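K.L.:
Got a structure for you, questions after.
Protein chains in written order, with this note's numbering: chain A, 1404 to 1697; chain B, 1404 to 1697.
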């Protein structure tokens, strides 16, 4: 997805949020904003939005000396999500349509804001999102929730690449991956993390912490951006990506990065941003399982 | 009021809105955003937010050739507000506390978004805002709605300067000014407009269109910004400002510009922006009549 003009104020909001999470003074945050304003001139609308994030994080690290500002939020998210893992497994096991339920849960994991409240009721939020999801899917056009095609393609696939998004959420991805593995036991599954700390996105260590290695091969994309920017991929990662005969791209950042890429991708996300909703032709907070069509 | 960091994303949103109101391409709007990003480095947080608006409007005019992009919105706002002028007068005449009602109406005029819907029900919106206002005032601290002090100062004043804000809204200001004039017939009243087109702010021609000249002397501030930036005032305007023994500053833009100025000012507005609400120590959509205290 190209960067839309609406993404630009949002870049500055990202700087604000980074500043609010730290001990930086207003003057220091202004220095970051000035630098982003400067960077903007070199940043073409043809770039995808996640390509700006490393610039902001680099500036933040230079000013604050903190290389992983989301570390505590990431740890807390993993912990809270791991605490409901048994419950997630039980929900899938009880379901008459376990794969569909696991897909819905993976979306639910994408929308829970673990950092927002110290006492977030993850179980309660899951149930609420699942009930919304059922209603949403019933009204979705098949194009935006292509579950039948998804199952069909899974049944034919040999190598699945699952591109992860945020910490905490990846516990929900684990449940989906385990459910897929149970349905299609001969399928090889790679789970892809970011290469270096960026926002609250998952790293290899988070994948291990959250037990993804029990269900998939953990692979670092090597990326510094909160989305899989394939033009920046190493030859090794590019080869692995090309070998996959099915790719699940999780969350908004990966959608932004991969939506123009010619590959057998399913985009799995909940729309949390009106620009992405418009790009997809959906509403806000829609459950999306969209097959790449170029 | 200094510029807060939160104002900076908002500057870029102003560019977006300018772009949406025009035939400018995304590439042209990006050029404006790049220029604002560049300008940002020269824009200190000690400046007040309205000081950025002329930069944005100048860029817009250079790219579009349109010097007054809000002209049609301004005309429509004046027309719609003039249509309810008799009703506004009747509401004040029926009121047991006409001056208080006129103050509330002046605030109501500040919040109606004439441009949002072609078929905006101005009468309905007024009644709704008045009922909200009564509830709000009842719970306000006296500091944020200093109506008794306002009446007391009006009774002693000889020269009142009323600094106008937006088109449409100024019809509501006219009703307040006429009510003040009826209560204090010896008071001289100047009504101040902007000097050149900026956003939907009122100009001398709008003041005449809306009949303000029946109740006050119309004065152009000469300003190019959507707020009275006194450091940019001409010696003549500065002298007039200094002669006033009471000033009513209308709306958010004038509050941003004048809140640090040592003068006998009452700020009359509804808070529509969380930054301003925080600066005032109020909630959003609060009715404010605050006496300047430095």
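All residues carry an ideal CB built from backbone N, CA and C; glycine is no exception. Keep in mind the model is a prediction, meaning the values are calculated, not measured.
Take every Cβ of the region 1676-1687 of chain B, pair it with every Cβ of the region 1454-1474 of chain B, and state whether three or more of those distances are shorter than 8 Å.
P.N.:
No, they do not touch.
K.L.:
Taking its Cβ as the centre, do 16 or more other Cβ atoms sit within 10 Å of residue 1468 of chain A, making it buried, or is it exposed?
P.N.:
Result: exposed.
K.L.:
Using CA coordinates, which residue listed in B:1582, B:1577 and B:1464 is at the minimum distance from residue 1596 of chain B?
P.N.:
Of the candidates B:1582, B:1577 and B:1464, the one whose C-alpha sits nearest the C-alpha of residue 1596 of chain B is B:1577.
K.L.:
On the DSSP letters alone, give me the boundaries of the beta strand (DSSP E) that residue 1586 of chain B sits inside.
P.N.:
It is not in any beta strand (DSSP E) - residue 1586 of chain B instead sits in the alpha helix (DSSP H) that spans 1572-1586.
K.L.:
Which residues mark the beginning and the end of the beta strand (DSSP E) in which residue 1652 of chain B is found?
P.N.:
1649-1653 is the extent of the beta strand (DSSP E) around residue 1652 of chain B.
K.L.:
Counting only Cβ pairs nearer than 8 Å, list the residues of chain B close to residue 1490 of chain A.
P.N.:
Neighbours of residue 1490 of chain A on chain B: none; closest Cβ ~37 Å, over 8 Å.
K.L.:
Quick check on this structure: which residue in A:1442, A:1450 and A:1425 has the alpha carbon closest to the alpha carbon of residue 1635 of chain A?
P.N.:
Checking every option, the nearest Cα to that of residue 1635 of chain A belongs to A:1450.
K.L.:
Just to confirm the assignment, what range does the alpha helix (DSSP H) spanning residue 1439 of chain B have?
P.N.:
First-last of the alpha helix (DSSP H) with residue 1439 of chain B: 1429-1445.
K.L.:
If you run the structure through DSSP and keep just helix, strand and coil, what is residue 1593 of chain B?
P.N.:
Here residue 1593 of chain B sits in strand by DSSP.
K.L.:
So does the region 1406-1415 of chain A actually touch the region 1406-1417 of chain B, counting three or more Cβ pairs closer than 8 Å?
P.N.:
Counting Cβ pairs under 8 Å, three or more are found: they touch.
K.L.:
Using the Cα positions of residue 1692 of chain A and residue 1506 of chain A, report the straight-line distance between them to the nearest angstrom.
P.N.:
Distance between the alpha carbons of residue 1692 of chain A and residue 1506 of chain A: 9 Å.
K.L.:
Can you list, in chain order, the residues of the region 1656-1682 of chain A whose Cβ is nearer than 8 Å to any Cβ on chain B?
P.N.:
Answer in chain order: no residues at all.
K.L.:
Give every residue of the same chain whose Cβ lies closer than 7 Å to the Cβ of residue 1640 of chain A, excluding the five residues on either side of it in the sequence, and list them in chain order.
P.N.:
Taken in chain order, the residues that qualify are 1624 and 1625.
K.L.:
Give the secondary structure of residue 1502 of chain B by DSSP, where H, G and I count as helix, E and B as strand, and everything else as coil.
P.N.:
Of the three classes helix, strand and coil, the one that applies to residue 1502 of chain B here is helix, per DSSP.
K.L.:
Check residue 1479 of chain B in the structure and name its three-state DSSP category.
P.N.:
Three-state result, residue 1479 of chain B: helix.
K.L.:
Does the beta-carbon of residue 1407 of chain A have 16 or more other beta-carbons within 10 angstroms, so that it is buried, or is it exposed?
P.N.:
Flag for residue 1407 of chain A reads buried.
K.L.:
Who pairs with residue 1671 of chain B in a beta bridge, going by DSSP?
P.N.:
In DSSP, residue 1671 of chain B forms a bridge with B:1653 and B:1692.
K.L.:
For residue 1439 of chain B, which residues in the same chain have their Cβ closer than 8 Å to its Cβ, ignoring the five residues on either side in sequence?
P.N.:
The answer, listed in chain order, is 1414, 1415, 1418, 1455, 1458, 1459 and 1462.
K.L.:
Write down the C-beta distance between residue 1574 of chain A and residue 1512 of chain A rounded to the nearest angstrom, noting that I regard them as a contact closer than 8 Å.
P.N.:
Correct: roughly 7 Å between the Cβ atoms.
K.L.:
Give the interface partners of residue 1429 of chain B over in chain A, defined as CB-CB distance under 7 Å, in chain order.
P.N.:
1408 and 1448, listed in chain order.
K.L.:
I need the straight-line Cα distance from residue 1405 of chain A to residue 1593 of chain A, nearest angstrom please.
P.N.:
Whole-angstrom Cα-Cα distance: 27 Å.
K.L.:
Which word fits residue 1697 of chain A, buried or exposed, when buried means at least 16 other C-beta atoms lie within 10 angstroms of its C-beta?
P.N.:
Counting Cβ neighbours within 10 Å, residue 1697 of chain A comes out exposed, since fewer than 16 surround it.
K.L.:
Against chain B, does residue 1411 of chain A count as a neighbour if the rule is that its beta carbon must be under 9 Å from one of theirs?
P.N.:
So yes, residue 1411 of chain A belongs to the interface.
K.L.:
Classify residue 1489 of chain B as buried or exposed, calling it buried when 16 or more other Cβ atoms lie within 10 Å of its own Cβ.
P.N.:
Per the 10 Å Cβ criterion, exposed.
K.L.:
For a contact defined as C-beta to C-beta under 7 Å, what are the partners of residue 1415 of chain A on chain B?
P.N.:
Simply 1411, 1412 and 1415.
K.L.:
Given that residue 1436 of chain B touches chain A, what residues does it touch there, using C-beta distances under 8 Å?
P.N.:
Ordered by position in chain A, the residues that pass the 8 Å Cβ test against residue 1436 of chain B are 1408, 1411 and 1443.
K.L.:
So if DSSP puts residue 1563 of chain A in a beta bridge, which residue, or which two residues, is it bridged to?
P.N.:
The partner list for residue 1563 of chain A (beta bridge, DSSP) reads A:1592 and A:1649.
K.L.:
Report yes if the CB atom of residue 1676 of chain B is closer than 9 Å to the CB atom of residue 1695 of chain B, and no otherwise.
P.N.:
No, these two residues do not count as a Cβ contact at 9 Å.
K.L.:
Is it true that the CB of residue 1564 of chain B sits closer than 9 Å to the CB of residue 1622 of chain B?
P.N.:
Yes. Within cutoff.
K.L.:
So, residue 1566 of chain A versus residue 1653 of chain A, is the Cβ gap smaller than 9 Å?
P.N.:
The answer is yes: Cβ separation under 9 Å.
K.L.:
Helix or strand or just coil, what does DSSP make of residue 1604 of chain B?
P.N.:
Note: residue 1604 of chain B maps to strand in three-state DSSP.
K.L.:
On the DSSP letters alone, give me the boundaries of the beta strand (DSSP E) that residue 1620 of chain B sits inside.
P.N.:
Here the beta strand (DSSP E) through residue 1620 of chain B covers 1620-1623.
K.L.:
Where does the unbroken alpha helix (DSSP H) through residue 1413 of chain B begin, and where does it stop?
P.N.:
From DSSP, the alpha helix (DSSP H) with residue 1413 of chain B extends over 1410-1423.
K.L.:
Do you know how far the Cα of residue 1432 of chain B is from the Cα of residue 1424 of chain B?
P.N.:
One C-alpha to the other measures close to 11 Å.
K.L.:
Taking the continuous alpha helix (DSSP H) assigned at residue 1546 of chain A, which residues delimit it?
P.N.:
First-last for residue 1546 of chain A: undefined, no H or E at that position.
K.L.:
Which residue marks the beginning of the alpha helix (DSSP H) containing residue 1682 of chain B, and which one marks its end?
P.N.:
1677-1683 is the extent of the alpha helix (DSSP H) around residue 1682 of chain B.
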